[in-house]
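Novice: First, the structure itself, so that you have it in front of you.
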Amino acid sequence: MIILIVEDDPQVTNYITKRLSGWGYRTNSAATGKDALELFSKKNFDLILLDIILPDYMAFDLIPKFKRMNPDIGIVTMTGQSSRELEQKVREQGILYYMVKPIEAANLKLLLDHIKNDIKQQISI
């Protein structure tokens, strides 16, 4: 599974990248929404880990753009500034999961393993 990490904090990006690589996932990362859209348009990804607040975009503005390029893309949002309104706004756009930072490695692994199993089942149907 190839995962696009869209996160503007280099420490968070490094933390997630190291964990995912150790679990056998391939990753690419982008620090801005603009860079993420460009990378996404050039490469096939199975999943996006998307920070909700980026320097140039909010996730709820990016999600429709990603979905137009690939309606089946799975998106997991991440935020350090959670609110019910924000969660509802991104959930209405068809995300798979809403994560609150700091991200715990064990929970992230369980989530990704679950998503990977769902993708495998969809392919075999």
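Take any residue in the sequence shown, count from 1 to its spot, add 1: that is its number in my numbering.
The beta-carbon is built from N, C-alpha and C at its ideal position, and this holds for glycine as well.
Here the structure is a predicted model, which means the values were calculated and not measured.
#1: Name the DSSP bridge partner or partners of ALA31?
#2: Give a yes or no on whether the C-beta atoms belonging to ILE76 and ILE49 are separated by under 8 Å.
#3: Check each candidate in PHE61, MET100, ASN29 and name the one with the smallest Cα separation from ASP47.
#4: For ILE54, which of PRO11, THR78, GLN12 has the nearest alpha-carbon?
#5: What residue range is occupied by the uninterrupted alpha helix (DSSP H) comprising ILE64?
#6: Using a Cβ-Cβ cut-off of 7 Å (strictly less than) and excluding sequence neighbours within five positions of ILE126, which residues of its own chain qualify?
#7: Ordered along the chain, which non-local residues of its own chain (more than five positions away) have a Cβ less than 8 Å from that of LYS43?
#8: Pick from GLY34, SER84, TRP24: whose alpha carbon is nearest that of LEU111?
#9: In the DSSP assignment, find the beta strand (DSSP E) that holds LEU50 and state where it starts and stops.
#10: Rounded to whole angstroms, what is the Cα-Cα separation between GLU8 and ASP119?
#11: Mapping the DSSP letters down to three states, classify GLY23 as helix, strand or coil.
#12: Which residues mark the beginning and the end of the beta strand (DSSP E) in which MET2 is found?
#13: Beta-carbon separation of PRO56 and THR33 under 8 Å?
Specialist: Put simply:
#1: Answer is VAL7.
#2: Yes. Within cutoff.
#3: Residue ASN29 is the option with its Cα nearest to ASP47.
#4: Nearest Cα to ILE54 within the set PRO11, THR78, GLN12: THR78.
#5: Element bounds for ILE64: 60-70.
#6: Note on ILE126: pLDDT 46, under 50, position unreliable in the model; the coordinate value appears next. Around ILE126: no qualifying Cβ.
#7: Cβ within range, chain order: n/a, list empty.
#8: When each option's Cα is compared against that of LEU111, the closest is TRP24.
#9: Where LEU50 is concerned, the enclosing beta strand (DSSP E) stretches over 48-52.
#10: C-alpha separation (whole angstroms): 25 Å.
#11: The DSSP-derived three-state label of GLY23 is helix.
#12: Annotation for MET2: no beta strand (DSSP E) segment contains it, and DSSP assigns it neither H nor E.
#13: With respect to the 8 Å criterion, PRO56 and THR33 are classified as neighbours on the basis of their beta carbons.
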